[in-house]
Every structure is written in C-alpha cells, then in structure tokens.
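Engineer: Residue numbers (the numbering used here): 3 to 205. Here it is, the structure, as structure tokens.
The following block contains the structure:
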C-alpha cells in the first residue's frame with residue numbers, strides 16, 4: 003500500500019466492469035468468435051484490422067457487451083460510496099474500454115450519473131493515460147488531485163502514467179500487480195474508511 007498524500011481528493015475516475023458492476027462478459031468466447039489467439043487483448047487486436055474484418059469484430063464485441071449490459075449487477079456498496087462522494091463535493095467520472103452505448107445502458111439501468119463518461123470511442127483506451135488526462139482537463143484539475151479506481155492492471159497503469167492516485171478493488175483475489183496501487187481494498191463497503199485521508203473527512 004502506498005503512502006497517502008495530504009492534498010484533498012477532488013475527483014474520482016471509476017472503471018466500470020468489475021468495479022462498479024459485475025457483468026457476464028466471456029472474453030475467451032469473444033476472442034474465439036473473432037478468431038483471436040487465447041489471451042490477446044481485444045482492443046489492441048482491433049488496431050491491426052481493417053475493412054470488413056474490423057467491422058465484423060466490432061459487431062461481435064458490441065453484441066456481447068450489450069447482452070452483458072442487460073444483466074449487469076451493481077456491486078455492494080457502490081451506490082452508498084458514490085452518494086458519499088457527492089456529499090463531499092468530489093466529482094465522479096467513468097472511464098471504460100467498453101463501448102459508449104453499452105456503458106450508458108448499464109448506468110441507466112442502475113440510475114447512476116457520472117460526468118463525463120469516457121468510453122473507447124472517446125479517448126485512447128487504458129492503459130493509456132489519455133482518458134484520465136482528458137477527464138482532468140474537463141474538470142479543470144490536475145491528475146494528482148484525482149484517483150483512478152479499478153479492478154485490473156490496466157486501470158492502475160493508466161492512473162500511474164497519468165500521475166493520479168490509484169485504488170485497486172480486489173474482490174478478495176490475490177493479484178500479482180496489487181503492489182502497484184496506492185491502496186487496495188476488497189469491496190466498496192470497506193473503501194471509504196481507507197480513503198479518509200484522501201478526502202479530508204470520514205465516511
């Protein structure tokens with residue numbers, strides 16, 4: 003766990019899938035349907051495609067994402083934590099490698115409001131820090147006053163590269179990259195106390 007800094011947090015950038023909600027996205031099945039090798043990152047593979055091949059791959063991913071969006075479940079403690087952040091005056095955004103349409107469908111389903119919502123069409127996708135930097139620019143803040151909260155290596159890498167603070171939700175998993183995050187936590191029901199110093203208050 004990294005050292006807490008004294009400056010008050012002004013914004014939080016959330017990952018979506020596995021952080022705010024659980025979705026049944028079968029990535030091995032998506033890769034198989036597209037014809038990609040096991041373990042190859044999906045979006046990075048798309049960069050090598052053109053024409054009909056790219057159009058077909060995007061349609062497959064979009065279909066899987068939209069299907070998963072219809073059954074997405076809000077993770078415990080998320081609503082309470084986001085409401086608490088709102089009371090503290092902390093701005094909140096979502097940064098996702100998913101499509102804007104599927105992200106919006108999930109957020110509308112659970113009546114969650116974030117501004118801005120940055121999806122893969124809107125900025126370089128994680129682990130590139132561009133999405134976080136774009137959000138900070140819109141808010142008029144510097145990345146060091148923002149936290150990136152996610153459940154995967156790409157979230158932490160993007161946050162570190164942007165100069166933001168990073169928090170990793172583990173869901174009880176022993177993750178080999180956990181040491182890269184400033185703080186790790188098992189679920190949102192325990193997160194507010196851990197981040198007391200970041201917000202300058204208590205949950």
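The C-beta atom is built at its ideal place from N, Cα and C for all residues, glycine as well. Source: prediction; values computed, not measured.
In whole angstroms, give me the CA-to-CA distance for residue 157 and residue 140.
Structural biologist: 20 Å
Engineer: If you run the structure through DSSP and keep just helix, strand and coil, what is residue 105?
Structural biologist: In the three-state DSSP reduction, residue 105 falls in the helix class (H, G or I).
Engineer: Can you list, in chain order, the residues of its chain whose CB lies under 7 Å from that of residue 59, leaving out five sequence neighbours each side?
Structural biologist: 36, 48 and 51
Engineer: Determine whether the beta carbon atoms of residue 97 and residue 133 lie at a separation below 7 Å.
Structural biologist: It is a contact, given that the beta carbons lie within the stated cut-off.
Engineer: Over what stretch of residues does the beta strand (DSSP E) that includes residue 152 continue unbroken?
Structural biologist: 148-152
Engineer: Three or more beta-carbon pairs under 8 Å between the segment 159-168 and the segment 22-37, yes or no?
Structural biologist: no
Engineer: By how many angstroms is the C-alpha of residue 81 removed from the C-alpha of residue 114?
Structural biologist: 8 Å
Engineer: Excluding five sequence neighbours on each side, which residues of the same chain lie with their C-beta closer than 6 Å to the C-beta of residue 127?
Structural biologist: 45 and 99
Engineer: If you run the structure through DSSP and keep just helix, strand and coil, what is residue 89?
Structural biologist: helix
Engineer: Are there 16 or more other CB atoms within 10 angstroms of the CB of residue 152, so buried, or fewer, so exposed?
Structural biologist: buried
Engineer: Who are the near neighbours of residue 19 in its chain, counting only those whose CB is closer than 6 Å to its CB and skipping five residues on each side?
Structural biologist: 25
Engineer: Taking just the CA atoms, how far does residue 12 sit from residue 92?
Structural biologist: 5 Å
Engineer: Do residue 181 and the ligand FMN come close, with the Cβ less than 6 Å from some heavy atom?
Structural biologist: Because no ligand of any kind appears in the structure shown, any question about the ligand FMN cannot be addressed here.
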